[in-house]
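Heads up, the sequence shown is in my numbering, so the first residue is 445 and it goes up one at a time. Heads up, the beta-carbon is just placed ideally off N, CA and C, and yes, glycines get one too.
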Amino acid sequence: MVTRRTAGLPLICLVCGDVARGINFDVMTCMPCKVFFRRHILKSDIQLQCQFNNNCQITQYTRSICSACRLNKCFAFGMNPQLIRHWSYNPLQLKHQRLLEINNNNESQLPQVC
445 MVTRRTAGLP LICLVCGDVA RGINFDVMTC MPCKVFFRRH ILKSDIQLQC QFNNNCQITQ
505 YTRSICSACR LNKCFAFGMN PQLIRHWSYN PLQLKHQRLL EINNNNESQL PQVC
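Structure (structure tokens):
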């Protein structure tokens, strides 16, 4: 089967039409749309409102004008917020946390000297 990738054609972000980097949160997106979606989901206390009748065209050139319409378009194409890894999944942080726990365990097992 010939796909866009095997044919050498660029993959297209479904949200803004820019060159896509891969499937992110279940949708083919570019890196800016991936980061935008993740950032806005993790800051879920922010209420976005469109100032232009919820009818903004989202392209690679206009994607930063209306965050509300951009986020709505992300959801319309099926971006899944449950696929976002939160900071606790950062491998470097997990490694650092494990090392701290091991160090604390080792210190607690040492005999106390009076």
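Pull up the distance between the alpha-carbon of residue i and that of residue j, whole angstroms please.
i	j	result
Asn548	Ile490	38 Å
Cys460	Cys477	8 Å
Phe496	Arg507	14 Å
Cys513	Pro525	16 Å
Lys539	Ile509	39 Å
Arg482	Leu544	29 Å
Val463	Ile485	23 Å
Leu527	Gly466	14 Å
Leu455	Met475	12 Å
Arg542	Asn499	48 Å
Gln504	Leu515	14 Å
Ser511	Ile546	44 Å
Would residue i pass as a contact of residue j if the rule is Cβ separation under 7 Å?
i	j	result
Cys494	Thr473	no
Val471	Gly522	yes
Ile502	Lys487	no
Using a 10 Å radius around the Cβ and a threshold of 16 neighbouring Cβ atoms, would you call residue i buried or exposed?
i	result
Arg529	exposed
Phe519	exposed
Asn468	buried
Leu492	exposed
Leu453	exposed
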